[in-house]
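Q: Protein chains in written order, with the numbering used here: chain A, 4 to 432; chain B, 4 to 432.
Number of protein chains: 2
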Amino acid sequence: MAKFQTVKGMRDFLPEDAILRDKAFTIIKNVFERFGFSPAITPSLEYYEVFANKFSIGQENLKNIYSFDDKSGRKLALRFDQTVPLARLIACNPQLPKPFKRYEISRVWRYEEIKRGRYREFWQCDIDTIGTKSMAADAEIIACALQALIELGFNDIKIKINNRKILNDIIEVENKNDVLRVIDKLDKIGESNVKKELQKLNIDKKQIQKIFDVISIKGNEKVLAKLESIVKTDEGKNGLNELKEVIEILKCYFDEKYFEIDLSLARGLDYYTSTIFEIVSGDKSIGSIAGGGRYDKMISKFAESKEDIPAVGIALGIERIIELIKLKNDKKKTVTQIFVASVSDENKKDVIKIAKDLRQKGFKVETDISGRKLSKQLEYANSLSIPFCLIVGSEEVKKGVYKLKDMGKGKEIDCSLDEIVNVLKDRIF
Amino acid sequence: MAKFQTVKGMRDFLPEDAILRDKAFTIIKNVFERFGFSPAITPSLEYYEVFANKFSIGQENLKNIYSFDDKSGRKLALRFDQTVPLARLIACNPQLPKPFKRYEISRVWRYEEIKRGRYREFWQCDIDTIGTKSMAADAEIIACALQALIELGFNDIKIKINNRKILNDIIEVENKNDVLRVIDKLDKIGESNVKKELQKLNIDKKQIQKIFDVISIKGNEKVLAKLESIVKTDEGKNGLNELKEVIEILKCYFDEKYFEIDLSLARGLDYYTSTIFEIVSGDKSIGSIAGGGRYDKMISKFAESKEDIPAVGIALGIERIIELIKLKNDKKKTVTQIFVASVSDENKKDVIKIAKDLRQKGFKVETDISGRKLSKQLEYANSLSIPFCLIVGSEEVKKGVYKLKDMGKGKEIDCSLDEIVNVLKDRIF
Numbered sequence: 004m005a006k007f008q009t010v011k012g013m014r015d016f017l018p019e020d021a022i023l024r025d026k027a028f029t030i031i032k033n034v035f036e037r038f039g040f041s042p043a044i045t046p047s048l049e050y051y052e053v054f055a056n057k058f059s060i061g062q063e064n065l066k067n068i069y070s071f072d073d074k075s076g077r078k079l080a081l082r083f084d085q086t087v088p089l090a091r092l093i094a095c096n097p098q099l100p101k102p103f104k105r106y107e108i109s110r111v112w113r114y115e116e117i118k119r120g121r122y123r124e125f126w127q128c129d130i131d132t133i134g135t136k137s138m139a140a141d142a143e144i145i146a147c148a149l150q151a152l153i154e155l156g157f158n159d160i161k162i163k164i165n166n167r168k169i170l171n172d173i174i175e176v177e178n179k180n181d182v183l184r185v186i187d188k189l190d191k192i193g194e195s196n197v198k199k200e201l202q203k204l205n206i207d208k209k210q211i212q213k214i215f216d217v218i219s220i221k222g223n224e225k226v227l228a229k230l231e232s233i234v235k236t237d238e239g240k241n242g243l244n245e246l247k248e249v250i251e252i253l254k255c256y257f258d259e260k261y262f263e264i265d266l267s268l269a270r271g272l273d274y275y276t277s278t279i280f281e282i283v284s285g286d287k288s289i290g291s292i293a294g295g296g297r298y299d300k301m302i303s304k305f306a307e308s309k310e311d312i313p314a315v316g317i318a319l320g321i322e323r324i325i326e327l328i329k330l331k332n333d334k335k336k337t338v339t340q341i342f343v344a345s346v347s348d349e350n351k352k353d354v355i356k357i358a359k360d361l362r363q364k365g366f367k368v369e370t371d372i373s374g375r376k377l378s379k380q381l382e383y384a385n386s387l388s389i390p391f392c393l394i395v396g397s398e399e400v401k402k403g404v405y406k407l408k409d410m411g412k413g414k415e416i417d418c419s420l421d422e423i424v425n426v427l428k429d430r431i432f
Numbered sequence: 004m005a006k007f008q009t010v011k012g013m014r015d016f017l018p019e020d021a022i023l024r025d026k027a028f029t030i031i032k033n034v035f036e037r038f039g040f041s042p043a044i045t046p047s048l049e050y051y052e053v054f055a056n057k058f059s060i061g062q063e064n065l066k067n068i069y070s071f072d073d074k075s076g077r078k079l080a081l082r083f084d085q086t087v088p089l090a091r092l093i094a095c096n097p098q099l100p101k102p103f104k105r106y107e108i109s110r111v112w113r114y115e116e117i118k119r120g121r122y123r124e125f126w127q128c129d130i131d132t133i134g135t136k137s138m139a140a141d142a143e144i145i146a147c148a149l150q151a152l153i154e155l156g157f158n159d160i161k162i163k164i165n166n167r168k169i170l171n172d173i174i175e176v177e178n179k180n181d182v183l184r185v186i187d188k189l190d191k192i193g194e195s196n197v198k199k200e201l202q203k204l205n206i207d208k209k210q211i212q213k214i215f216d217v218i219s220i221k222g223n224e225k226v227l228a229k230l231e232s233i234v235k236t237d238e239g240k241n242g243l244n245e246l247k248e249v250i251e252i253l254k255c256y257f258d259e260k261y262f263e264i265d266l267s268l269a270r271g272l273d274y275y276t277s278t279i280f281e282i283v284s285g286d287k288s289i290g291s292i293a294g295g296g297r298y299d300k301m302i303s304k305f306a307e308s309k310e311d312i313p314a315v316g317i318a319l320g321i322e323r324i325i326e327l328i329k330l331k332n333d334k335k336k337t338v339t340q341i342f343v344a345s346v347s348d349e350n351k352k353d354v355i356k357i358a359k360d361l362r363q364k365g366f367k368v369e370t371d372i373s374g375r376k377l378s379k380q381l382e383y384a385n386s387l388s389i390p391f392c393l394i395v396g397s398e399e400v401k402k403g404v405y406k407l408k409d410m411g412k413g414k415e416i417d418c419s420l421d422e423i424v425n426v427l428k429d430r431i432f
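Right under this line is the structure:
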């Protein structure tokens, strides 16, 4: 019986899960770097005020922050996301050449109700571009995230795009942010519930109907045509131009089937100022797997700068992504590719030297480190589903030719250490 | 002016540092996996009792733990190390096949006084093997850590090895653990200070002299010969056999010049039961860069098991390692290898398509996303020391041949996209 458990809402990952997570992170990192995003790392702990100030994550999210006083009475917080620490980092480092393109893949903590698929410690994969207002940056962020998802094996995905400036134009009420948060729930709670909630916010029925007349239009060309005719403020016109530009540039990266303008997309966070986007799976039950947008005002507040420090970013919802990958991939219990087994105690040292050679060739190799007999060694290799065993007895050592056993198929072939590279190259690498 | 700073003792890593850390972690991970260690991941937060119970890190370390009550009144702690969470994980998962070999590379937190090279958030790289008492596991752990350090570029290193059972035999006093903690400081504070501190622990001078007569012997053969003659308890004899066995097996992995028995090596933590080791640089000012040992009793306490669950592990002192790597490596400000520059606005879309092609070939590529003129684009590429620029104008697009500029040498050559792979393969990959 274990004396202690994991903290509620937090998880251990045994190798079978950790290997899969690691594989996903490696693919994502590789795509981020091919798009010229470099790693940056921020601490897990920030001063509480970094999150609690009015330009940050918003009052309603503060209840979900893990915060505490350290032994010197400093109020600290485990980070809620990676975007706010990035804003703090940029403010602390005004010398960085712009545009500054960074990724961060790490843990965040939220004290939330525990539901299926919700955890109190989870990982985020973020890319952000700081220091340019150009829509080329927004398009690049979207394209990079889409490419990562495609390389992770998702094909049936779509990017929904909208622009906050357009929403501000369409929604002619005082409490715009409250309205946006309600509209953002459209996919989850449906049209009639959204309408009810909007009424509760004292939005009159005519205005609600007007909003729905616009946000329910589908088809990129139709939406743009409609917007041309109804957008009236300078802000709205500016937003419409931005939207058209993002779409235009995105076409250089991807086929148009991948993206659609969705005026009902609102995104919950207050800090977005322009382009907003979400990547969703074609399978509607799965919902959003990435989301982000442009936030041109936040960083300047952190930097106490009078001028905007524009920024745009996206976060991949990696926990959901990994759940989906799990459905498609066989779990591996170990990274080990070859178990080098010793026929008798006399061969224990030979085995270490052979393992050394194979490791130098790049293979992931285990040997017996428990003083077990051959049959028990093979049992162990089987229990971890190690794909190949190399059997080493004195006779084999003398010849320099060993039995390589394919543990899945049960077949054996004789080969030298140099031949193994060729024999296994299509099977393992 | 930045409104907020990083929390005291914690650090941001800008790309120039994050790239180097990432490179070091990748090398280490690769070696760990080639030795058949698989990743496992434990949470950052544990229940406070996991660290505070008497089989854990020890009373004197508790003051350095970041602990707090969560909103439901659970007392939580940010993890102090990765070993204790591993013990908890093993206790929670008795089904795991043994030996269980895992690595974890992640953050730990200690509320310590801030000195040069000491931080309150830092990274540990751990490998541990659970479930075998065989010295083959100890030797493998040492060999794997040594191999990682060699691949990181350290050649002038040595492993110091000792065995707690031998120390227990030699040190004939009640308060053995207190004495061990003092002896462990020998390298730092010198012989005379250690002797003074031992006197403060009421160890009589004769006993102190006897201890020093043994622990100051150098040379593996001499030490072993001396031990043969003085070790008298069963425990001591057992420890001596274990020590000889580890040395014997280690010789299969590495030349003997890499390891020496050092009876003055004690290691601070109470939980070690047998083999202990430390890897030090030949440059004495640098000190220990990795350390660990066998701890056969801890996990069984966590599992409430009557039988021992033996374990052996090592942690690489990655912060110190990275400081040393920094001295030898040029810092890179970005991962980007090629900046694809557009001669005029007309080429912005061509540039995106060319970047797409180069990314598919595996290159890390940036394009202009700020609407800048060519000269400003090249300035930006220079400010990040991006090694190559590809200049794209309408004429070049028509021909399919572009100017590839080596930004370091200032030289240009003409080449097609397919030729770039060959031109750069020795320069970048």
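Yeah, the Cβ is synthetic: ideal placement off N, Cα and C, and Gly gets one too.
Just to confirm, are S47/A and R82/A a CB contact at a threshold of 7 Å?
A: yes
Q: Between L407/B and V87/A, what straight-line distance do the alpha-carbon atoms span, to the nearest angstrom?
A: 38 Å
Q: Sort D299/B, K300/B and A293/B by Cα distance to R323/B and report the nearest one.
A: Ranking the options by Cα distance to R323/B, first place goes to A293/B.
Q: Report the neighbours of V338/B on chain A: residues whose CB is nearer than 8 Å to its CB, in chain order.
A: E36, G39, F40, S41 and P42
Q: Which parts of the region 100–130 of chain B are runs of the beta strand (DSSP E), unbroken and 3 residues or longer, counting only runs that do not cross its ends?
A: Correct list: 103–112.
Q: Give me, in chain order, the residues of the same chain whose beta-carbon lies closer than 6 Å to that of D273/A; leave out the 5 immediate sequence neighbours on both sides.
A: Cβ within range, chain order: G61 and N180.
Q: Taking the beta carbon of K367/A as the centre, do at least 16 other beta carbons fall within 10 Å, making it buried, or is it exposed?
A: buried
Q: Have a look at S284/B and N205/B and give me their C-alpha separation to the nearest angstrom.
A: 34 Å
Q: Could you work out which residues of chain A lie near I22/B, taking near to mean beta carbons separated by less than 7 Å?
A: S41 and P42
Q: At which residues does the beta strand (DSSP E) containing T2/B begin and terminate?
A: The structure shown does not extend to residue 2/B, since chain B spans only 4 to 432, so no value can be given for it.
Q: If I'm right that T135/A touches G39/B with Cβ under 8 Å, what's the distance once you round it to whole angstroms?
A: In fact, because the Cβ distance is near 47 Å, the residues do not count as touching under 8 Å.
Q: Determine whether the beta carbon atoms of K168/B and N241/B lie at a separation below 7 Å.
A: Yes, the pair counts as a contact, with Cβ atoms nearer than the cut-off.
Q: Which one or two residues does DSSP pair with G320/B in a beta bridge?
A: DSSP lists no beta-bridge partner residue for G320/B.
Q: Within 10 Å of its beta-carbon, does A228/B have 16 or more other beta-carbons around it, so buried, or fewer, so exposed?
A: exposed
Q: Look at T276/B and D299/B and say whether their C-beta atoms are less than 7 Å apart.
A: yes
Q: Report the neighbours of L79/B on chain A: residues whose CB is nearer than 7 Å to its CB, in chain order.
A: Neighbours of L79/B in chain A, taken as residues whose beta carbon is under 7 Å from its own, are V10 in chain order.
Q: Based on the DSSP output, what are the partners of I341/B in its beta bridges?
A: V368/B and F391/B
Q: Quick check on M4/B: buried or exposed, where buried means 16 or more other Cβ atoms within 10 Å of its Cβ?
A: exposed
Q: DSSP has I250/A in a bridge; who is on the other side?
A: Paired residues: none, contrary to the question.
Q: With a CB to CB cut of under 6 Å and the five nearest residues on each side skipped, what residues in its chain are close to I264/A?
A: I164, N223 and V226
Q: For S75/A, is the classification buried or exposed, using 16 other Cβ atoms within 10 angstroms of its Cβ as the cut-off for buried?
A: Under the 10 Å beta carbon count, S75/A is surrounded by fewer than 16 other beta carbons and is classified as exposed.
Q: Given a threshold of 16 other Cβ atoms within 10 Å of its Cβ, counted over all protein chains shown, does N443/A qualify as buried or as exposed?
A: Examination of residue 443/A is not possible in this model, given that chain A is present from 4 through 432 alone.
Q: Residues of the region 131–144 of chain B with a CB closer than 7 Å to any CB of chain A: list them in chain order, please.
A: T132, T135, S137, A139, A140 and E143
Q: Quick check on E49/B: buried or exposed, where buried means 16 or more other Cβ atoms within 10 Å of its Cβ?
A: buried
Q: Run through chain B and tell me which residues come within less than 7 Å of R110/A, C-beta to C-beta.
A: S47
Q: Counting contacts by CB-CB distance shorter than 7 Å, is R430/B in contact with chain A?
A: no
Q: Using DSSP with H/G/I as helix, E/B as strand and the rest coil, what is G242/B?
A: Looking at G242/B - three-state DSSP - the assignment turns out to be helix.
Q: Helix, strand or coil: how does DSSP classify A314/B here?
A: strand
Q: Taking only three categories from DSSP, how would you classify N166/B?
A: strand
Q: Please work out which residues of its chain come closer than 7 Å, Cβ to Cβ, to G320/A, disregarding the five sequence neighbours upstream and downstream, and give them in chain order.
A: S291, I292 and A293
Q: Using a Cβ-Cβ distance cut-off of 7 Å, determine whether I493/A contacts chain B.
A: Nothing about residue 493/A can be reported from this structure: the residues present for chain A run from 4 to 432 only.
Q: Answer with buried or exposed for P97/A, where buried requires no fewer than 16 other C-beta atoms within 10 angstroms of its C-beta.
A: exposed
Q: Is there a Cβ from chain B that is less than 7 Å from the Cβ of D15/A?
A: yes
Q: Tell me which same chain residues have a C-beta within less than 6 Å of the C-beta of E369/B, skipping the five on either side of it?
A: T339 and F342
Q: Okay, do the region 324–331 of chain A and the region 109–116 of chain A touch, 3+ Cβ pairs below 8 Å being the bar?
A: By the Cβ criterion, the region 324–331 of chain A is not in contact with the region 109–116 of chain A, since fewer than three pairs of Cβ atoms, one from each stretch, lie closer than 8 Å.
Q: With a threshold of 16 other CB atoms inside 10 Å of the CB of Q85/B, please say whether the residue is buried or exposed.
A: buried
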